[in-house]
Amino acid sequence: MVDQSAPDGPVLKEANYTLKDKAIFFLSKIPLLKNTNLVKNHLEKLDIENRAALGVFLGALSKIYNVKGASAAAEALKGETVPLNARKIKQLTSVAQDLYGKGAAKPAARQVVVRIWPNTEWKDGGPLQGRVGHASVTVKNKMDGNPKKHINEHISWWPGTSAGAGKKDRLFSQREGFSLADYKTDKQNEIADRTVSRLKKSEEAKARLKTGQAEPGDRNLAKYSPRADQKKDKDGNWGVCAQKVYLPLVGNNKDVNDKKNRFFSLFGLNEKNIIADAKQAKSDAANNRLGYTLASKTENCASMAARMLTSGGSENFVKFNKAWISEDPNKVHDYAKKLQAEVDKLNGQVQNIDQTFSDSLKNENFKMAFTDFKDAVLYPSQKEMNDLKIQLQKAKGDEAKDAINLQIKALLDKQVSGIESYFKGRDVLKEDKSQRSLLAAMDVISRNAPNSTDNFNSLTLKAKEIVTTMDAFLKSADLSKNSSTDAFIFGNAMLDKVRDFMKVEV
Numbered sequence: 001m002v003d004q005s006a007p008d009g010p011v012l013k014e015a016n017y018t019l020k021d022k023a024i025f026f027l028s029k030i031p032l033l034k035n036t037n038l039v040k041n042h043l044e045k046l047d048i049e050n051r052a053a054l055g056v057f058l059g060a061l062s063k064i065y066n067v068k069g070a071s072a073a074a075e076a077l078k079g080e081t082v083p084l085n086a087r088k089i090k091q092l093t094s095v096a097q098d099l100y101g102k103g104a105a106k107p108a109a110r111q112v113v114v115r116i117w118p119n120t121e122w123k124d125g126g127p128l129q130g131r132v133g134h135a136s137v138t139v140k141n142k143m144d145g146n147p148k149k150h151i152n153e154h155i156s157w158w159p160g161t162s163a164g165a166g167k168k169d170r171l172f173s174q175r176e177g178f179s180l181a182d183y184k185t186d187k188q189n190e191i192a193d194r195t196v197s198r199l200k201k202s203e204e205a206k207a208r209l210k211t212g213q214a215e216p217g218d219r220n221l222a223k224y225s226p227r228a229d230q231k232k233d234k235d236g237n238w239g240v241c242a243q244k245v246y247l248p249l250v251g252n253n254k255d256v257n258d259k260k261n262r263f264f265s266l267f268g269l270n271e272k273n274i275i276a277d278a279k280q281a282k283s284d285a286a287n288n289r290l291g292y293t294l295a296s297k298t299e300n301c302a303s304m305a306a307r308m309l310t311s312g313g314s315e316n317f318v319k320f321n322k323a324w325i326s327e328d329p330n331k332v333h334d335y336a337k338k339l340q341a342e343v344d345k346l347n348g349q350v351q352n353i354d355q356t357f358s359d360s361l362k363n364e365n366f367k368m369a370f371t372d373f374k375d376a377v378l379y380p381s382q383k384e385m386n387d388l389k390i391q392l393q394k395a396k397g398d399e400a401k402d403a404i405n406l407q408i409k410a411l412l413d414k415q416v417s418g419i420e421s422y423f424k425g426r427d428v429l430k431e432d433k434s435q436r437s438l439l440a441a442m443d444v445i446s447r448n449a450p451n452s453t454d455n456f457n458s459l460t461l462k463a464k465e466i467v468t469t470m471d472a473f474l475k476s477a478d479l480s481k482n483s484s485t486d487a488f489i490f491g492n493a494m495l496d497k498v499r500d501f502m503k504v505e506v
């Protein structure tokens with residue numbers, strides 16, 4: 001319903017029905033009473049209110065998720081004017097989000113895009129009676145100022161040959177497999193020829209109506225309009241847009257809409273590993289070691305999309321439960337959204353920790369404690385570290401770079417050891433054993449200290465432990481106390497070392 005009395009103007013609220021409303025709904029179900037003026041007038045009034053509320057809601061959706069997203073939500077209603085309760089609002093918002101794209105990494109220069117065209121569920125007939133659906137994954141890297149050096153690795157698994165006529169052949173026969181080159185081709189493959197024909201005829205009819213050269217039947221032809229997810233590209237080809245999930249790649253990143261907004265994504269997927277696995281899959285297919293099977297756990301589009309995510313380290317965040325018989329796009333979509341929610345939550349916690357630390361440095365006592373720590377532990381090896389980084393930038397060839405990275409890791413090991421020694425010897429922590437939660441937090445952080453034997457996955461798991469521990473600690477910590485100050489500086493220093501080790505890994 002629309003609340004017109006809200007202080008900041010009309011707002012949308014969940015519909016609440018009075019006892020009278022409920023009584024009218026009951027009477028409307030009784031054949032002899034449903035057409036009485038009392039019932040008809042009241043239902044008409046509610047319908048007008050629902051339409052007004054829906055208009056406000058769709059307008060709000062269009063501002064957040066653009067017109068296409070709002071249109072997709074409107075289409076999901078299928079012409080119904082239903083009360084907008086909390087459940088319906090959540091459902092329609094999700095529809096708009098899916099088409100617009102979910103995930104904080106949407107504007108990121110380095111990202112993984114999971115694209116889904118939903119399949120018909122097996123309970124509703126499955127792919128043989130409805131939509132087969134599709135899933136694809138794209139790794140994007142636009143960090144370089146030269147567009148020619150941008151990375152756009154796309155994996156979209158398709159059959160290279162037609163299946164036999166029978167249902168069994170279509171589902172279980174192995175065919176040649178290959179990957180389409182890009183999302184543009186995916187979109188074109190996901191729209192039926194009949195739909196394209198009708199859309200083109202509709203455009204032609206509308207053009208004739210505008211110029212006064214209409215032919216018989218043009219008004220009916222012109223009524224056929226594209227759905228919210230149907231779009232024509234710059235070359236005039238129609239296609240179906242995917243539902244999208246955006247995931248960050250670990251490492252240096254930036255906002256493509258704001259070049260000054262550069263940041264380091266601590267949590268996300270491994271770019272090198274996904275690209276290597278995508279190239280391996282394409283090579284295996286080209287050499288007849290990998291094919292395409294529609295009902296498969298390893299050789300259909302959904303299983304290939306899931307494979308790319310897991311090769312990138314997705315199971316560091318959410319376990320992927322393999323299907324018994326066949327993977328499908330809807331299942332991969334659900335998994336990608338759970339993954340995105342977990343990764344975005346962790347990166348949000350990192351941002352909060354960093355911001356809290358930055359704010360704390362405005363306090364003179366905190367700043368002094370941090371300066372003392374830096375001078376004692378980090379400063380003595382800083383020049384050596386800077387020199388190694390300069391050498392790494394100038395190094396040519398993987399062998400030379402690997403040798404320098406080993407030196408960087410060895411120096412990072414020394415710094416981590418120095419951090420632990422510095423805080424273990426602090427009298428302020430020895431005197432404050434009454435703060436069990438603080439000491440427990442420091443113990444978790446210490447047990448997850450990074451080292452040179454860690455790889456991408458182990459660093460991610462250690463980072464998760466440190467970040468979740470610090471996030472919980474900061475919710476109750478009194479940073480005016482010396483013990484809390486030490487604990488925060490200790491945790492932040494370890495988090496920085498995880499970042500440093502991760503920079504070497506990715």
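Quick note on UniProt numbering: the sequence shown kicks off at 1 and runs consecutively. Note that beta-carbon positions come from the ideal geometry of N, C-alpha and C, so glycine has one too. As the structure is a prediction and not an experimental result, all values here were calculated from the model.
Rounded separation between ALA86 and GLY166 - CA only: Distance from the CA atom of ALA86 to the CA atom of GLY166, rounded to whole angstroms, is 45 Å.
How is the beta strand (DSSP E) around ILE155 delimited, first residue to last? Note, ILE155: beta strand (DSSP E), 151-155.
Rank SER179, GLY55, LEU92 and GLY145 by C-alpha distance to the C-alpha of ALA305 and give the top, closest one. Taking only the C-alpha atoms, the option nearest ALA305 is SER179.
Residue span of the beta strand (DSSP E) that contains SER265, given as start and end: Residues 258-265.
Rounded to whole angstroms, what's the CA-CA distance from ALA135 to LYS503? Just pull it up for me. Spanning the two alpha carbons is a distance of roughly 30 Å.
Mapping the DSSP letters down to three states, classify ALA403 as helix, strand or coil. Correct three-state label for ALA403: helix.
DSSP beta-bridge partners for GLN91? Answer by DSSP bridge pairing: none, since GLN91 is not bridged.
Where the beta strand (DSSP E) containing THR138 begins and where it ends: Note, THR138: beta strand (DSSP E), 134-141.
Less than 8 Å separating the beta-carbons of LYS297 and VAL318? Between LYS297 and VAL318, the gap from beta carbon to beta carbon reaches 8 Å or more.
Does DSSP put LEU249 in a helix, in a strand, or in coil? Three-state DSSP puts LEU249 in a strand.
Give a yes or no on whether the C-beta atoms belonging to TRP157 and CYS301 are separated by under 8 Å. Yes. Within cutoff.
Span separating the alpha-carbon of ALA276 from that of GLU153: Approximately 10 Å, taken between the alpha carbons.
In whole angstroms, give me the CA-to-CA distance for ALA449 and LYS142. Rounded to whole angstroms, ALA449 to LYS142 spans 32 Å at the Cα level.
Going by DSSP, what residues sit across from ILE116 in a beta bridge? Within the DSSP bridge table, the entry for ILE116 names ALA135 and GLN243 as partners.
Does the Cβ-Cβ distance between LEU58 and ALA76 come in under 8 Å? No, Cβ-Cβ distance for LEU58 and ALA76 is not below 8 Å.
Specify whether the stretch 104-113 and the stretch 236-253 touch according to this definition: at least 3 beta carbon pairs, one from each stretch, less than 8 Å apart. Because the criterion of three Cβ pairs below 8 Å is met, the stretch 104-113 and the stretch 236-253 touch.
Could you compute how far the alpha carbon of VAL377 sits from the alpha carbon of LYS362? Answer to the nearest angstrom: the Cα atoms are 21 Å apart.
CA nearest to the CA of LEU221, picked from GLU203, LYS401 and ALA242: Selected option, being the one with the closest Cα: GLU203.
Ranges of the alpha helix (DSSP H) found wholly within the stretch 139-215, counting only runs of at least 4: Within the stretch 139-215, complete alpha helix (DSSP H) segments of at least 4 residues are found at 167-172, 183-189 and 193-211, given in chain order.
Opposing strand residues paired with GLY291 [DSSP bridges]: Paired residues: GLU176.
Just to confirm, is the Cβ distance from VAL467 to LEU438 under 8 Å? No, the Cβ-Cβ distance between VAL467 and LEU438 is not below 8 Å.
Where ALA487 and MET442 are concerned, what is the direct C-alpha to C-alpha distance, given to the nearest angstrom? Distance between the alpha carbons of ALA487 and MET442: 6 Å.
If you draw a straight line from the C-alpha of LYS279 to the C-alpha of ASP359, how long is it? If I take the Cα positions, the gap works out to 45 Å.
Examine the Cβ distances between the stretch 222-237 and the stretch 185-204 and report whether three or more of them are shorter than 8 Å. Flag = yes, the stretch 222-237 and the stretch 185-204 touch.
Whole angstroms are fine: how far does the CA of GLY239 sit from the CA of ASP500? Going by the C-alpha atoms only, they are around 44 Å apart.
Quick check on the DSSP output: the alpha helix (DSSP H) that includes LYS362 runs from which residue to which? Where LYS362 is concerned, there is no enclosing alpha helix (DSSP H), given that its DSSP letter is neither H nor E.
Among LEU294, PRO127, LEU474 and GLY177, nearest to ASN287 - alpha-carbon criterion: Checking every option, the nearest Cα to that of ASN287 belongs to GLY177.
At which residues does the alpha helix (DSSP H) containing GLN382 begin and terminate? Going by DSSP, GLN382 is part of the alpha helix (DSSP H) stretching over 379-394.
Considering Cα atoms alone, identify which of SER446, ASP144, ARG198 and GLN188 is closest to LYS259. Checking every option, the nearest Cα to that of LYS259 belongs to ASP144.
Would you report the Cα separation of LYS206 and SER197, rounded to the nearest angstrom? Going from the Cα of LYS206 to the Cα of SER197 covers about 14 Å.
Between which residues of its own chain and ILE116 is the CB-CB distance below 7 Å, once the five residues before and five after are set aside? The beta carbon of ILE116 is closer than 7 Å to those of ALA135, ALA242, GLN243, PRO329, VAL332 and HIS333 in its chain, skipping five residues each way along the sequence.
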